[in-house]
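Residue numbers (the numbering used here), protein chains in the order written: chain Z, 104 to 343; chain W, 51 to 356.
Cβ atoms here follow ideal geometry from the backbone N, Cα and C, with glycine treated the same way.
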Amino acid sequence: MIATLRYTLADVIRSNRFVLPLLPFVVGLPLLYSNQSPPLDGYAATAALLYPVAAWFGVAVCNSEDEVRLDLTVATGGGWLPAYAAKLATALLLVLVLIPVAIAYPMVTGAFSPSASRGDVLIGIAAHLLCALPGLALGVLFSRLVVRRQAYALLWLLICLVFAVPVGTLTSSRLLPLRLLAHLAPPVLGVARALSGTTGTSGAGGGHSVGPPLIPDTLGALLFCTAATAAFLKLARARA
Amino acid sequence: MLTLEHVTKRYSRRGPAAVADVSLTLEPGTVTAVVGPNGSGKTTLMRLIAGVSPATDGTVRCQARSIGYVPERFPKTVPFTPLRYLEHLGRIRGLAPGPLEADIDRLFLRFGLWPFATVRIGTLSKGTRQKVAIAQALLGGPGLLILDEPWSGLDAPAQEALTGSILEVAAAGGAAVVTDHRESVVDAAADRICRLDLGELVADDLVARRRDAVVLIEVDCADPAGAAPGVEPLHGVLGVRPDHHGLRIRATHAASNDLLRTLLERGLWIRRLERFGADVDLEAWLEEADAEATAEAEAGAEAEAP
């Protein structure tokens, strides 16, 4: 499994598949911090940026090997699960590398006013995970491993990425199915609302507590990621 | 080694079956050839056997410890050099770095890949890429070797090396399955030929093993009786009979190339070379031929006498 992971990572890096999804992140980060902002406002924005970027990473990593080469990796590794799991793990690893960058960048460049406390950083990390992981889980579902015709798949991925955002705000809907769906949807807006409007945990009594509103979002995101990963493995296997 | 039971594969729910109700067992130590025209389902069957594609219906059971798979066409998009690619696949196969390095060296030598070892695979010619595909499948001596049209694009030495490698896997107790649309090519190595047509297994024949065949080599030499003891201990020799002009040597087909080389190096002239099936009792056949020749000679002598 470790060997398959190393191979997949080397493949993505040597084939430069990581470059395109990295671009919006590299360009977006300085743009978002062009003005000084409170720590949690800044983190809310970069967490939202990471949501489509992670989805793109999911697609790029899964599409890196062509079909024949994937056949070889599967046959050599003695089963399909190590090969597919390595793809998920590689995409996850690359996305996880971006989170410390997004957290540290404004602190290093001095873009925060007031400066971030340890509590802000922890909330920032949680916020990035809450946006990036569902984005990644959604992305791999539209990779070539699941959907053969990539032109359609990428269009549908874009539609799903965009429409999942407002769906996530329907948490106070009167209809139970909509409420459940809202909790499952990637909590991009939920995170943004929870984080913005606060002056940070260091603010002199001005901030409100961020933790409690994020708990249902966290549970929903975990459930969504688990379901999407299971669906990915099942659909990708069926399509082989 | 591997059992397919009533296996069917459809790529879409209502589409035609690419492989329809195929049952097949690959025994250890055998080479099975799958032949058939284009679109007969050979590649799909290979992917089912390799476990990379799940069957729509039926079961595939595999007991091989490791699988070597050569796809029909090896892609150009590999972003590695042959050396790095084989290192990665060897590690995925679970080989330790030391044995893996030795194995890569052996395979690169055998298929003449060292000059291309550090060239990116995408820039290699089709034949060289095919050699890389074959070398990766042979890493660590696979228990089950699956080759989809492996001879296409290979030069003559590589073809010979490939045939030798297939036979080695079978000799080590593994099973090999190979497809080709030219039956003459697979005939060289196969114990068994399965014929596919429109996804159905239409014939499954055991063939006389060519590698169990024997050859008769007749050589000219000045002192047949003196030369015979020198030839008898050579590898692959089954028996030696001196005659008036030289020696008649029975040998295994597998060792015949090396044996011929040795005979030529010793300054012997090859007078006749013939291959016989494993079912022919060459010893008896030679005795019969001798008796006939003696009878003819006697008849000739009698005719000349008056």
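- Near chain Z, meaning a CB-to-CB distance below 7 Å, the residues of the stretch 126-153 of chain W are Thr127, Val128, Pro129, Phe130, His138, Leu139, Arg141, Ile142 and Arg143.
- In terms of beta-carbon proximity, Z/Arg252 stays away from the interface with chain W, with every pair separated by 8 Å or more.
- If you draw a 10 Å sphere on the C-beta of Z/Val204, you find fewer than 16 other C-beta atoms in it, and that means exposed.
- Per DSSP, W/Val269 is one residue of the beta strand (DSSP E) stretching across Val264 to Asp270.
- With a cutoff of 8 Å on beta-carbon distance, Z/Leu195 and Z/Leu257 are scored as not near each other.
- Straight across, the Cα-Cα distance linking W/Asp205 with Z/Thr193 is about 39 Å.
- By the Cβ-count criterion, Z/Ile105 is exposed, with fewer than 16 other Cβ atoms from all chains shown falling within 10 Å of its own Cβ.
- When Cβ-Cβ separations below 8 Å define contact, Z/Arg247 makes no contact with chain W.
- Secondary-structure assignment with DSSP links W/Pro292 through a beta bridge to W/Leu297.
- Taking the beta carbon of W/Ser116 as reference, the chain Z residues within 9 Å of it are Thr179 and Gly181, listed in sequence order.
- With a threshold of 8 Å between beta carbons, W/Val102 makes contact with chain Z.
- If you draw a straight line from the Cα of Z/Leu284 to the Cα of Z/Ala189, it is about 29 Å long.
- When Cβ-Cβ separations below 8 Å define contact, W/Arg123 makes contact with chain Z.
- Interface annotation, Z/Arg296: not in contact with chain W, CB-CB separation never under 8 Å.
- With its beta carbon at least 8 Å from every one in chain Z, W/Arg111 lies outside the interface.
- Excluding sequence positions up to five before and after W/Tyr119, its CB lies within less than 7 Å of the CB of Ala100, Ala187 and Ile196, all in the same chain and listed in chain order.
- Z/Gln139 counts as exposed, since fewer than 16 other C-beta atoms from the protein chains shown sit within 10 angstroms of its C-beta.
- For W/Leu150, same chain residues with a beta-carbon under 6 Å away, outside a window of 5 residues either side, are Gly140 in chain order.
- Per DSSP, the unbroken beta strand (DSSP E) holding W/Trp319 starts and ends at Trp319 to Phe326.
- Contact between W/Thr58 and W/Thr106 holds, since their C-beta atoms are separated by about 5 Å, short of 8 Å.
- Nearest neighbour of W/Cys112 by Cα position, chosen from W/Leu98, W/Pro125, W/Ile184 and W/Phe124, turns out to be W/Leu98.
- W/Arg97 has a beta carbon lying within less than 8 Å of a beta carbon in chain Z.
- Contact between the stretch 123-134 of chain W and the stretch 174-183 of chain W is established, with three or more Cβ pairs separated by less than 8 Å.
- Counting C-beta pairs closer than 8 Å gives three or more between the stretch 306-321 of chain W and the stretch 266-286 of chain W, which meets the contact rule.
- Put simply, of W/Tyr61, W/Met51, W/Asn88 and W/Glu55 the residue whose alpha carbon is nearest the alpha carbon of W/Leu246 is W/Asn88.
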